[in-house]
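Student: Protein chains in written order, with our numbering: chain A, 1 to 290; chain B, 1001 to 1274. We put the CB at the ideal spot given by N, CA and C, even for glycine. Since the structure is predicted, the reported quantities are computational estimates derived from the model, not experimental observations.
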Amino acid sequence: MTIPVLQRETWRESLRSLKVATWLGWQIESNWTEPFLFAVYSIAKPVAGAMILVVMYLVVSGGQTNNPLFPYIYLGNAFYIYVGSVLMGISWAVIDDREHYGVLKYIYVSPIHVYFYLLGRGVARTLTGTIAVIITLTFGMLVFKLPVNLLTMNHALFWPVFLIGLAGLALIGILLAGLTLITARHNYFMGEAVAGALYLLCGAVFPLDVLPKSLQYIGLGLPMTYWLEGLRRALIGTSASPLLAPFSNETILIILLGSTLLVGAISLGFYRWCERRAKEKGLIDMQTMY
Amino acid sequence: MNNFRREVMVFLRTVRGRAYPRLIGLQREKSWMFFEIFLPLLGTSAFVFIYRALGAKPEFTGFVVLGGAMTAYWMNVLWSMATQFYWEKETGNLALYLIAPTSRMAILLGMALGGMAATTVRALAVLLLGSLVFQVTFTVSNWGALVLVFLLTLVALYGLGMIFASAFLLYGREAWHMANLLQEPVFLLSGFYFPIKSLGFWISAGASLIPITLGLDAMRQILYPQAGWGFLDVGTETTILALLSVVFLIAAHRMLLFLENVARREGRLTVRGQ
């Protein structure tokens, strides 16, 4: 076969892996119960998560929602749902397939690309995450009159920021999946630990300005900080963070793109290294029974 | 008489035997302790910073730190009590429990006592670290009442955990999702991060069925007597917690018998990978 034909075949195989993994992931996420209970599950969790922050805000503000911090907190929390979904979705795919279903070794010997398979599992979690984000945003717009207008919002900023951010999340998820491959007793905590740390450090639900200086610097180095800031600016037009206010929209987009490319390079290299190490040490079919 | 004594001894030995792995597990993998303290502390810190960004009064930081510490118990009840029989079924241990010549209540009680002790270490660490990092000061107005409320909260809470464990005996994969579903909604309804009174009387009254709601509220009143955010007075909340403790323990016993029979009849006790 010539090189272009080989490349075409590789791409076709990768796309097939992505498609099949997405379908499989969706089945695992949704077919554990009746559609009604799945709908309740999909609505109750994100709405309750958002309501915790809303009640905290209302208790302090005495019922007022006109403070610019309110949409800041609400939108940050709504979009942060993606962080948990994608990071945990991809890294948990390794745990589920290796420990729970015991099929990771079969996936490795089948004619699919594991990298795209993992991304596909992340896509499935992104789909369920999207349902939760839409429900949370709709709830906020209807009940709390969030100042978001889907017609007049800055689409030119929103879509590039949104898609680059999701790609960045998927790449961090792959990095965690690599780490999961070579760890035994701590892989259950990793996705949660990274998602929890990002929640604190990237100004998801409060402006970075309230963090101690040293943590602010870490926050400014994270792509997710610029992702959430860009999304807020695209949806409500303003920033409630004096620390990020000097950055123009273009600067936010460029930093997000640059940091995502950097994360991507690190993630790909690290995953390949972890995969090789897992094969050398016979960890692909490890059963820890934890 | 000898028979009764032997049964009591078997019951106690079972409690000790089931509590043992929970306690010994604490020191078997010490790095887990770090994660189990570090993870709730991350969430708690984020909530403290929200209150700081909003300019809330200092007692709200104390409310959050206390709520953050108590999340350890709720998570333990969900993931190490409610879903435990599901995990045991998956690993093939459940059948062994059932054929063992001992009381299933003793197994649940052992799980609860071991879990309580192990979780208390984590909750205390979150409370101490949270208090140190965020400079929280608690003024205990009545130590006796605080200890009583705390103990009653744990008894009622783990009684509820035993009920869940019996109910989850029937579940397969749904158990994981159901436990997941009982996180954020319960954090909201029980006022883990804000005073429950702010949800209004009827929602707070309904949420009082979850023992941690009244337990947290009473503890906050004892630790911050001047804050004025109490839902009911401490005496009433203590009485309700005592009632819930009794009711939940009896209900757990009955449900365990009933649901074990249902699970046996429907052949669900040995189904794995569901």
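How long is the line joining the alpha carbons of B/L1066 and B/P1211, rounded to whole angstroms?
Tutor: 15 Å
Student: How close, in whole Å, do the beta carbons of A/I284 and A/I174 come, if the pair is a contact with beta carbons under 8 Å?
Tutor: Incorrect: roughly 16 Å between the Cβ atoms, too far for contact.
Student: For A/I95, count neighbouring Cβ atoms within 10 angstroms of its own Cβ and tell me buried if that reaches 16, exposed if not.
Tutor: buried
Student: Hey, how far is the Cα of B/R1006 from the Cα of B/T1102?
Tutor: As the crow flies, the alpha-carbon of B/R1006 is around 11 Å from that of B/T1102.
Student: Apply the 10 Å Cβ neighbour rule to A/K45 and answer buried if 16 or more other Cβ atoms are within range, or exposed otherwise.
Tutor: buried
Student: Alpha carbon to alpha carbon, what distance is there between B/V1147 and B/V1234?
Tutor: 12 Å
Student: Using a beta-carbon distance below 9 Å, is A/P71 in contact with chain B?
Tutor: no
Student: By how many angstroms is the C-alpha of A/Q287 removed from the C-alpha of A/R98?
Tutor: It is roughly 7 Å from the alpha-carbon of A/R98 to the alpha-carbon of A/Q287.
Student: Count the C-beta pairs between the segment 1031-1049 of chain B and the segment 195-205 of chain A that are closer than 8 Å, then say yes if the count reaches three, no if not.
Tutor: yes
Student: Which one of B/G1114, B/K1089, B/F1258, B/A1165 has the shortest CA to CA distance from B/A1082?
Tutor: B/A1165
Student: With distances taken between CB atoms, is the gap from B/L1287 to B/Y1073 smaller than 9 Å?
Tutor: The first residue shown for chain B is 1001 and the last is 1274, placing residue 1287 of chain B beyond what the model contains.
Student: Between B/L1181, B/V1064, B/T1238, B/L1096, which has its C-alpha nearest A/Y41's C-alpha?
Tutor: B/L1181
Student: Quick check on the burial criterion: 16 or more other C-beta atoms within 10 angstroms. Buried or exposed for A/Q7?
Tutor: exposed
Student: Hey, out of A/R277, A/L228, A/G269, whose CA is closest to A/L253's CA?
Tutor: A/L228
Student: 9 Å is my cut-off, CB to CB: does A/E229 come that close to chain B?
Tutor: no
Student: Given a cut-off of 9 Å on the beta-carbon distance, is the pair A/Y108 and A/L18 in contact?
Tutor: no
Student: Please confirm if B/I1212 has its CB atom under 9 Å from at least one CB of chain A.
Tutor: With 9 Å as the cut-off, B/I1212 does not count as an interface residue toward chain A.
Student: Between which two residues does the alpha helix (DSSP H) holding A/E250 run?
Tutor: 249-280
Student: Look at B/L1169 and B/A1100 and say whether their C-beta atoms are less than 9 Å apart.
Tutor: no
Student: Where does A/A156 fall in DSSP's three states?
Tutor: helix
Student: What would DSSP say about B/P1040, mapped onto helix, strand or coil?
Tutor: helix
Student: Beta carbon of B/P1101: closer than 8 Å to some heavy atom of the ligand NAP?
Tutor: Of ligands this structure carries none, so the ligand NAP is not represented either.
Student: By Cβ distance, which residues of its chain are closer than 6 Å to B/L1127, with the 5 residues on each side in sequence left out?
Tutor: Taking C-beta separations shorter than 6 Å and ignoring five residues to either side along the sequence, the partners of B/L1127 in its chain run A1069, following chain order.
Student: Measure the alpha-carbon distance for A/G230 versus A/T260 and round it to whole angstroms.
Tutor: 14 Å
Student: Could you tell me which whole alpha helix (DSSP H) segments of length 4 or greater appear in the segment 128-197 of chain A?
Tutor: 155-181
Student: Which stretch, first to last residue, makes up the alpha helix (DSSP H) that contains A/Y82?
Tutor: 69-95
Student: By how many angstroms is the C-alpha of B/L1113 removed from the C-alpha of A/G120?
Tutor: 42 Å
Student: Considering only residues of the segment 1076-1131 of chain B, which uninterrupted alpha helix (DSSP H) runs meet the minimum length of 4 residues and lie entirely inside it, listed in chain order?
Tutor: 1084-1091, 1094-1099
Student: Would B/F1047 and B/Y1171 be called neighbours here (beta carbons separated by less than 9 Å)?
Tutor: no
Student: Taking all protein chains shown into account, do 16 or more other C-beta atoms lie within 10 angstroms of the C-beta of B/R1220, making it buried, or fewer, making it exposed?
Tutor: buried
Student: Flag this pair as yes or no: are the beta carbons of A/L176 and A/G191 separated by less than 9 Å?
Tutor: At a Cβ-Cβ threshold of 9 Å, A/L176 and A/G191 count as neighbours.
Student: If I measure Cβ to Cβ from A/N67 and keep anything under 7 Å in the same chain, skipping five residues before and after, which residues do I get?
Tutor: S61
Student: Kindly indicate which three-state DSSP category B/M1070 falls into: helix, strand or coil?
Tutor: helix
Student: Strictly under 9 Å for the Cβ-Cβ distance: is A/V59 near chain B by that measure?
Tutor: yes
Student: Specify the secondary structure class of A/W299 as computed by DSSP and reduced to three states.
Tutor: In the structure displayed, chain A extends from 1 to 290; residue 299 of chain A sits before or after that span and is not available.
Student: Please name the residues in the segment 237-248 of chain A whose beta-carbon is closer than 8 Å to at least one beta-carbon of chain B, in chain order.
Tutor: Answer in chain order: no residues at all.
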